[in-house]
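Right, one structure below, let's go through it.
Numbering (our numbering), first residue to last: 393 to 638.
Written out as structure tokens, the structure is:
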């Protein structure tokens with residue numbers, strides 16, 4: 393850092409620049425823990441308020457990520473994921489050379505809501521299978537997902553071990569359904585408290601929220617087969633959408 397420039401910067405900015413340079417040079421590699429507030433106070437001879445401001449600035453400039461109840465750590469460059477093909481969460485993780493993991497939060501058969509009845513084209517009070525899961529990539533949380541399936545098509549689906557199995561693989565291999573496309577909406581949100589807890593992040597962490605319908609061919613007809621919602625950590629993957637001018 394240029395020492396003349398350093399004299400004109402507030403103390404928190406000096407710390408931020410110094411740490412940013414160490415991150416960019418690889419001295420503080422991806423995944424490494426950032427020095428604690430106390431360490432920064434001693435190292436730079438500053439107050440806790442100044443040390444905390446430096447950490448906040450690094451977070452806002454996407455150099456670090458905050459994990460709930462843990463020290464902050466250096467972010468890696470998130471792989472790009474194109475939103476042009478339908479992949480299961482497992483397939484998406486494997487495509488990036490990572491090892492997938494899953495945790496089933498809840499799974500139940502219940503009566504469909506009115507909205508679910510309309511979206512999945514089910515009779516009123518028809519049963520559905522609903523499941524909440526957390527997906528992991530290389531042992532770290534990636535997304536919290538909720539899925540609802542028509543039980544009349546996927547009877548006994550609750551007998552499958554979805555901690556170990558890919559949902560889409562089960563639908564295609566065990567039930568003979570060919571998944572064709574999805575219709576989804578995307579927006580940036582701050583995750584609900586329970587979602588932040590499952591993803592092991594602060595409640596203020598920005599997440600990519602998506603919800604929509606998955607369609608598949610069942611008995612030679614294309615029908616809606618899944619309602620889904622997902623909360624993604626954008627620190628793990630980044631998303632790109634290819635558009636054409638018409």
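Glycine is no exception: its CB is placed at the ideal position from the N, C-alpha and C atoms.
A quick note: this is a predicted structure, and the numbers were derived from the prediction, not measured.
Taking one beta carbon from each stretch, the segment 497-506 and the segment 440-449 have fewer than 3 pairs nearer than 8 Å; the two do not touch. Between residue 525 and residue 487, the gap from beta carbon to beta carbon reaches 7 Å or more.
Taking all protein chains in view, the Cβ of residue 569 is crowded by 16 or more other Cβ atoms within 10 Å, so the residue is classified as buried. Unbroken beta strand (DSSP E) runs of no fewer than 3 residues, entirely contained in the segment 482-531, are found at 492-503, 519-529, following chain order. Taking C-alpha positions only, residue 535 is separated from residue 484 by approximately 12 Å. With fewer than 16 other Cβ atoms inside 10 Å of its own Cβ, residue 595 counts as exposed. For the pair residue 622 and residue 604, the Cα-to-Cα distance works out to about 9 Å. About 19 Å separates the CB atoms of residue 563 and residue 602; that is not less than 8 Å, and the two are not in contact. Residue 465 is bridged by DSSP to 425, 457. Residue 411: member of the alpha helix (DSSP H) spanning 403-417, first to last residue.
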